[in-house]
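Inspection log for the structure reproduced underneath, given as structure tokens.
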Amino acid sequence: MSFGLIVDSCFRDHATGRHPERPERLDSIDSAFKEHKILESCHCLSFEPAEEEFLEKVHRKEMIERAFATSAKGGGFLDPDTILSGYSARVATQAAGASIALARAAVQGEFRKGFAVVRPPGHHATHQRSMGFCIFNNIALAAEAMLELDSIRKVAIVDFDVHHGNGTQDIFYERGDVFFLSLHEYPHYPGTGQTEETGAGEGQGTTLNVPLPPGIDQETWFEAFHKGLEAISQYNPDAILVSAGFDSHRRDPLGDFPLDEKAYARIGGLLADLAGEHPLISILEGGYNVDVLGSSVVAYIDGLRGR
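The sequence shown begins at -4 in this note's numbering and counts up one residue at a time.
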């Protein structure tokens, strides 16, 4: 079966100047895709921007309106880390829409595995706040899109970004139909994701945080990852979504984790094995060293495809 892929020049319109989360990240990925002829062997999807009504499934209306109002004024900061241009709110709806389209297509059988190359990233955006480079939470919206379909009762989200996916945790913390696994550097931004944060109410036990110290070695990281995947296997989800953050690369300027291209290929293979015949989609989160971002994404996709 083919591999689903979303790439689009529209994501460059989120202009951020010299900010670490900048359009040049996409240039790195595009160059690597061309070098390895990724597009020729994938099923490339089209998509529409997410409607505000769908955004409200995971975000407060006031939060959405603030992003659009800031863009309408020509841009500005939503928090000290999150900058918008005049087009950024629109681009954020396109990133959300792309993630939703990928999720639906995977469940509906167009392919079983896929990757969305989108920006801005999303996993720090909470129910009521844009933060940490993130405007809307792409992975949460994709999960909601899957759960609306009859064949999906529950899903798991795996987040291997070096930063804790606090927004995703916040949105699903009291939900029993979403299992959230995060391996992240701690202490580090945003300061959340301790082991005792395990969910609440119907979601008690469906959040698994694995905070790891800076400078750990790769095998220690993978030991923790294997334990996390075992917990997901016990949860037995109908689909898996991945917040694919490549700032966990050992050369990334915003973290101190040990991963490299071979590690990302290994991660992809382990996730593919875990998913089996179930849908498995990945959405780009972090990764700020443009010298290694593209090669890391290609290695991860190769791992997902068993190459």
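Backbone N, C-alpha and C fix where the C-beta goes; we use that ideal spot for every residue, glycine too.
Check: Where do the N-terminal and C-terminal ends of the beta strand (DSSP E) with residue 241 fall, by residue?
Finding: Looking at the DSSP string, residue 241 is not in any beta strand (DSSP E), and its letter there is neither H nor E.
Note to self: Quick check: the Cα distance between residue 269 and residue 240, rounded to an integer number of angstroms?
What the structure shows: 19 Å
Check: CA-CA distance, residue 131 and residue 257?
Finding: 31 Å
Next item on the list: Answer with buried or exposed for residue 364, where buried requires no fewer than 16 other C-beta atoms within 10 angstroms of its C-beta.
Entry: Missing from the structure shown is residue 364; the chain here goes from -4 to 302 and no further.
Next item on the list: Just grab the DSSP bridge partners of residue 126 for me.
Entry: 129
Check: Going by C-alpha distance, which of 98, 136 and 232 is nearest residue 149?
Finding: 232
Notebook entry, point to check: Can you tell which of -1, 114 and 106 has the C-alpha that lies nearest to the C-alpha of residue 77?
Noted result: 114
Margin query: Measuring straight from C-alpha to C-alpha, what distance separates residue 300 and residue 254?
Written below: 19 Å
Notebook entry, point to check: For residue 74, does the three-state DSSP call read helix, strand or coil?
Noted result: Correct three-state label for residue 74: strand.
Notebook entry, point to check: For residue 34, is the classification buried or exposed, using 16 other Cβ atoms within 10 angstroms of its Cβ as the cut-off for buried?
Noted result: exposed
Item checked: Beta-carbon spacing of residue 118, residue 163 below 8 Å -> Contact: yes.
Next item on the list: Compare the beta carbon distance of residue 157 and residue 180 with 8 Å and say whether it is the shorter of the two.
Entry: yes
Next item on the list: With distances taken Cα to Cα, identify the nearest neighbour of residue 171 among 49, 199 and 189.
Entry: For residue 171, the nearest C-alpha among the options comes from 199.
Check: Are at least three pairs of beta-carbons, each pair with one atom in the stretch 62 to 82 and one in the stretch 0 to 15, less than 8 Å apart?
Finding: yes
Next item on the list: Locate the alpha helix (DSSP H) running through residue 86, then write down its first and last residues.
Entry: 83 to 102
Checklist line | Member of 280, 271, 91 and 286 whose CA lies at the smallest distance from the CA of residue 106 | finding: 271
Next item on the list: With a floor of 4 residues, list each alpha helix (DSSP H) that falls wholly inside the stretch 175 to 243, ordered by position along the chain.
Entry: Counting only runs of 4 or more, we get 213 to 230.
Next item on the list: Report the rounded CA-to-CA distance for residue 223 versus residue 141, giving the unit in angstroms.
Entry: 22 Å
Notebook entry, point to check: How about residue 206: is its Cβ closer than 7 Å to a heavy atom in the ligand GTP?
Noted result: As far as ligands go, the structure on display features none, and thus does not contain the ligand GTP.
Checklist line | Which of helix, strand or coil DSSP assigns to residue 173 | finding: The answer is strand: DSSP assigns residue 173 an E or B state.
Checklist line | Meets three-Cβ-pair contact criterion under 8 Å: the stretch 60 to 77 and the stretch 121 to 130 | finding: yes
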